[in-house]
Each structure stands twice: as structure tokens, then as C-alpha cells.
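Undergrad: Structure in C-alpha cells, see below.
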Amino acid sequence: MERKKITIPDLLNFKKQNRKITMLTAYDFPMSVALEKAAIDIILVGDSLGNVILGYESTVPVTMDEMLHHTKAVSRGRKKSLLVADMPFMSFNVTSRKTIINAGKFIKEAGADAVKLEGANPDIVSIIKSVVSSGIPVMGHLGLTPQTATALGGYKVQGKDEESAEIIMRQALALEKAGCFSIVFECIPETLASDITIKLKIPTIGIGAGKGCDGQVLVTHDLLGLGVGFTPKFVKKYTDLSSQIDSAIENFREEVIMEKFPAPEHCFKIK
Ligand code: KIV
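Heads up: take any position in the sequence shown, counting from 1, add 81, and you land on my numbering.
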């Protein structure tokens with residue numbers, strides 16, 4: 082049976098039916114095609130683009146132009162998955178007007194279905210309200226928010242004590258009230274994520290937030306063993322592509338030097 086296009090009401094129904102939601106990142110056309118083929122529900126063009134693809138040390142330098150360029154490529158590969166694009170640092174934290182214009186570019190120019198925004202201070206909640214009322218669906222992101230990791234004391238688990246757990250709970254309720262259709266919880270204790278998930282009507286998607294969320298997300302390069310640098314505890318490597326790439330490239334180098342490649346079957350002949 083052909084898969085039908087995933088919509089936002091579908092995600093709300095999945096939560097009601099206790100059917101877990103799958104979300105993975107893509108930054109280019111071939112990965113988008115692979116995720117589509119695997120029937121992943123949501124493809125996220127994360128601003129992890131900065132660390133994973135562009136070689137930045139954090140997500141902070143990622144620009145609107147970079148995000149739009151990669152979202153367009155992913156959009157060309159997806160068919161039925163819901164496409165969510167991350168709004169990069171300072172593309173949404175200034176004014177509602179600027180945020181709506183930038184969010185609109187992801188939808189109109191790049192082919193995304195929705196945008197994701199990090200944080201939930203009162204200014205951001207009010208900005209989210211205006212984006213939602215302009216007709217653009219918004220996914221929230223709480224807990225460890227990498228764009229403001231410095232202010233959070235680094236890449237650390239959030240909500241570990243009663244006071245900070247209470248703040249995340251209140252932020253989640255505020256995001257639901259502001260009109261978010263879903264919230265990502267990054268690096269928060271499993272019991273906190275479960276408690277909030279039960280309280281919310283909208284689905285929660287966890288990364289380092291345990292089994293109790295309505296869905297799970299990972300950076301695809303991490304699960305493929307393609308990440309460079311530190312691998313967080315919450316990542317499960319389903320394969321180790323990095324070592325396969327290393328050995329394929331080493332083989333090529335040796336075969337060229339030993340004159341084993343190209344072999345006759347790789348060459349063209351005159352009739
Ligand atoms: O940028 C990203 O890839 C993300 C996921 C980790 C949720 O925000």
C-alpha cells in the first residue's frame with residue numbers, strides 16, 4: 082500500500098493511538114531519499130548542519146542562507162514525510178516580524194512544511210504565537226538547546242533538580258498553549274520527559290530523553306557511525322560507516338599506486 086503524506090493531524094492521532102513517531106535529520110538529497118524510502122515520519126533539516134556538515138564548532142554560526150540551501154535539497158528528495166526546518170540562531174530571536182519573514186522563506190522558497198525553534202522564554206513564546214497565527218506550523222525544542230548551550234553551562238543534561246524540572250514543565254505547557262504542534266525534548270531525565278508527555282496533548286519527540294516520549298529523533302550521521310568528534314551517550318550507532326569509508330578510500334589509493342585500478346572492465350576500447 083502506498084504511504085500517504087504525513088500531516089500534523091496524523092502526528093496528533095499517532096499520539097492518541099500510542100503509535101511511536103520517528104524523526105531523523107537530513108541535510109541533502111540522497112539522505113532525504115533514504116529516509117523517505119524507510120518511511121520515516123518526519124525529516125528534520127536540523128541546524129546540526131553546522132557541526133555535522135559545515136565543520137563549525139557549534140550551531141551558532143549557521144545562517145538562514147545555509148539552512149535554506151540545504152532544506153531545498155532535502156525537499157527535492159522527500160515525498161510523504163513531514164519536512165521540518167530548524168530556524169538558525171538569531172533568525173527568530175529578534176522580532177516577530179523578522180521571524181515570520183524567515184519562517185515564511187522555509188515554507189515558500191525551500192518547501193518545508195513546518196519550522197522548529199529553540200527555547201521558551203516569554204519573548205520566544207510570544208514570537209511563536211505570531212508565527213503560528215501567520216499560518217506556519219511550529220515545533221518547539223526544550224531541555225538542552227544547543228544554540229544557547231553556553232548560557233546553560235555547556236552541553237549538559239537539563240532539568241535534573243526539582244526547580245529546573247518545574248521550569249521545563251511550565252515551558253512545555255506554554256509552548257503547547259502558544260500553538261506548537263510538537264516539542265523536541267533534548268537531554269532531560271526520562272521521568273521528567275514521561276511526566277510532561279502525559280500532561281501534553283501534542284506529541285513529544287525525545288533525543289536523550291528516554292522511552293516515554295511519543296517519538297524519537299537522532300542525528301542520522303550519528304546512527305550511521307558517520308559523525309566526527311564526540312558521540313553523546315544517547316546515540317545508538319546502528320552501523321559504522323566511517324570505518325567502511327576509511328577502508329574503501331585506502332583501497333582505492335593502494336590500487337591506483339599498485340596499478341590494479343582501473344582494470345580492463347573499467348576501460349573503453351576502440352572498435
Ligand atoms: O539540529 C538538530 O539536529 C536538532 C536535533 C538534535 C533535534 O535539533
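Don't be surprised by glycine CBs; every beta carbon is placed ideally from N, CA and C.
Quick caveat, the model's predicted, so the values are computed rather than measured.
1. Does the Cβ of Val-212 lie closer than 6 Å to at least one heavy atom of the ligand KIV?
2. Is it a yes or a no for the segment 174-193 touching the segment 91-108, going by three-plus beta-carbon pairs under 8 Å?
3. What residue from Lys-350, Leu-273, Thr-301, Leu-233 has the CA that sits closest to Lys-292's CA?
4. Considering Glu-340, what are the terminal residues of the alpha helix (DSSP H) in which it resides?
5. Could you check whether the segment 225-238 touches the segment 252-259, counting it as contact only if at least three pairs of C-beta atoms, one from each stretch, sit closer than 8 Å?
6. Of all the options Tyr-236, Ala-166, Leu-223, which has the alpha carbon lying nearest to the alpha carbon of Glu-247?
7. According to the Cβ coordinates, are Gly-287 and Phe-266 closer than 7 Å?
8. Taking 7 Å as the threshold (C-beta atoms), are Thr-320 and Thr-106 in contact?
9. Assuming contact is defined by CB atoms lying nearer than 7 Å, are Ala-191 and Leu-163 in contact in what I supplied?
10. Grab me the residues of Thr-285's own chain with a C-beta within less than 6 Å of its C-beta, minus the 5 sequence neighbours each way, in chain order.
11. Closest to Leu-299 by CA distance: which of Cys-268, Asp-276, Leu-281, Ala-329 is it?
12. Roughly how many angstroms lie between the CA atoms of Leu-198 and Ile-326, to the nearest whole one?
13. Using three-state DSSP, classify Lys-85 as helix, strand or coil.
14. Determine which residues share a DSSP beta bridge with Ala-246 and list them.
15. With DSSP as the reference, label Gln-325 as helix, strand or coil.
16. Quick one: grab the DSSP three-state call for Gln-297.
17. Do Lys-161 and Lys-86 have their C-beta atoms within less than 7 Å of each other?
18. With DSSP as the reference, label Ser-172 as helix, strand or coil.
19. Mind checking which residues open and close the beta strand (DSSP E) that includes His-128?
20. What separation, rounded to the nearest whole angstrom, lies between the Cα atoms of Ile-181 and Leu-93?
21. Near Leu-225, what residues of its chain come up, given a Cβ to Cβ distance below 6 Å and the 5 sequence neighbours on each side ignored?
22. Can you find the residues in the same chain that come closer than 6 Å, C-beta to C-beta, to Tyr-27, ignoring five residues on each side of it along the sequence?
23. What does the Cβ neighbour count give for Lys-317, buried or exposed, with the cut at 16 atoms within 10 Å?
24. Between Gly-289 and the ligand KIV, is there a pair consisting of the residue's CB and a ligand heavy atom that are separated by less than 6 Å?
25. Return the CA-CA distance between Asp-194 and Gln-228, expressed in angstroms with no decimal places.
26. Taking the alpha-carbon positions, what's the Ser-207 to Ser-324 distance?
27. Which residue wins for smallest C-alpha separation from Leu-305, given the options Ser-156, Arg-84, Ala-115?
TA: Looking at the atomic coordinates:
1. Outside the cutoff, so no.
2. Result no; under three Cβ-Cβ pairs closer than 8 Å.
3. When only C-alpha atoms are compared, the closest one is Leu-273.
4. Unbroken run through Glu-340: none, as it is neither H nor E.
5. No, the segment 225-238 is not in contact with the segment 252-259.
6. Comparing Cα-Cα distances from Glu-247 to each of Tyr-236, Ala-166, Leu-223, the minimum goes to Leu-223.
7. Yes, Cβ-Cβ distance for Gly-287 and Phe-266 is below 7 Å.
8. One thing to note: Thr-106 has its Cβ no nearer than 7 Å to the Cβ of Thr-320.
9. Contact: no.
10. Answer for Thr-285: Ile-264, Phe-266, Thr-278, Cys-294, Asp-295, listed in chain order.
11. The closest CA to that of Leu-299, considering only Cys-268, Asp-276, Leu-281, Ala-329, is found on Cys-268.
12. Their backbone Cα atoms lie some 34 Å apart in a straight line.
13. In the structure shown, Lys-85 falls within a coil segment according to DSSP collapsed to helix, strand and coil.
14. In the DSSP assignment, Ala-246 is bridged to no other residue.
15. Three-state DSSP puts Gln-325 in a helix.
16. The answer is strand: DSSP assigns Gln-297 an E or B state.
17. Contact check for Lys-161 against Lys-86 passes: the beta carbons are separated by less than 7 Å.
18. Correct three-state label for Ser-172: coil.
19. Note that residue 128 is Asp in the sequence shown, not His. It is not in any beta strand (DSSP E) - Asp-128 carries neither H nor E in the DSSP assignment.
20. Taking the straight line from one Cα to the other gives about 24 Å.
21. So the list reads Gln-239, Glu-267, Cys-268, once near-sequence residues are dropped.
22. Within the shown structure, residues of the chain are numbered from 82 to 352, placing residue 27 beyond reach of any answer.
23. Counting Cβ neighbours within 10 Å, Lys-317 comes out exposed, since fewer than 16 surround it.
24. Every heavy atom of the ligand KIV is 6 Å or more from the Cβ of Gly-289, so no.
25. One Cα belongs to Asp-194, the other to Gln-228, and the distance between them is close to 22 Å.
26. CA-CA distance, Ser-207 to Ser-324, rounds to 46 Å.
27. Relative to Leu-305, the option among Ser-156, Arg-84, Ala-115 whose CA is nearest is Ala-115.
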